[in-house]
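Residue numbers (the working numbering): 164 to 303.
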């Protein structure tokens, strides 16, 4: 895929599978909502989750975004993650979180979703790609 095709593919509301490195070196995989802005990928998690603890220890991660159910097209992003605490962060962090949520829930439900998340120990994770690989099926 070209850069433009990658951006268009990632603009769709797929589920991303996040891979972090566990304490024992074993991969830890979790599904997440995400947003890609053309240069970085962002997602939200809680600070009491294993993927957060893994990223605190080792900032390397990979993300696989694929077409369900056949996974005939996909994008894999490998890079480093930076973490911002949403509970102490400013409106810029919550603006990005709102953009992520709006990709996956009905417009009428976004505010309720955000209000609930504001009561939880949330963090915004930004993945800076170091490598992007793709597969595009000839059948579409």
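A virtual CB, placed ideally from N, CA and C, is assigned to each residue, including glycine.
- For the pair residue 164 and residue 297, the CB atoms are nearer than the 9 Å cut-off.
- With a threshold of 16 other beta carbon atoms within 10 Å, residue 285 meets it and is buried.
- When Cβ pairs closer than 8 Å are counted between the two stretches, the stretch 267 to 276 is seen not to touch the stretch 210 to 228, the count staying below three.
- The Cβ atoms of residue 287 and residue 259 lie closer than 9 Å to each other.
- One alpha carbon belongs to residue 295, the other to residue 193, and they sit about 19 Å apart.
- Boundaries of the alpha helix (DSSP H) harbouring residue 220: 213 to 220, taken from the DSSP string.
- Taken in chain order, the complete alpha helix (DSSP H) segments of 4 residues or longer contained in the stretch 199 to 281 are 213 to 220, 254 to 265 and 273 to 280.
- In the three-state DSSP reduction, residue 293 falls in the strand class (E or B).
- Excluding residues up to 5 positions away in sequence, 184 and 243 lie with their Cβ nearer than 7 Å to the Cβ of residue 223 in the same chain.
- Burial is judged here by how many other beta carbons sit within 10 angstroms of a residue's own beta carbon; residue 176 has fewer than 16 and is exposed.
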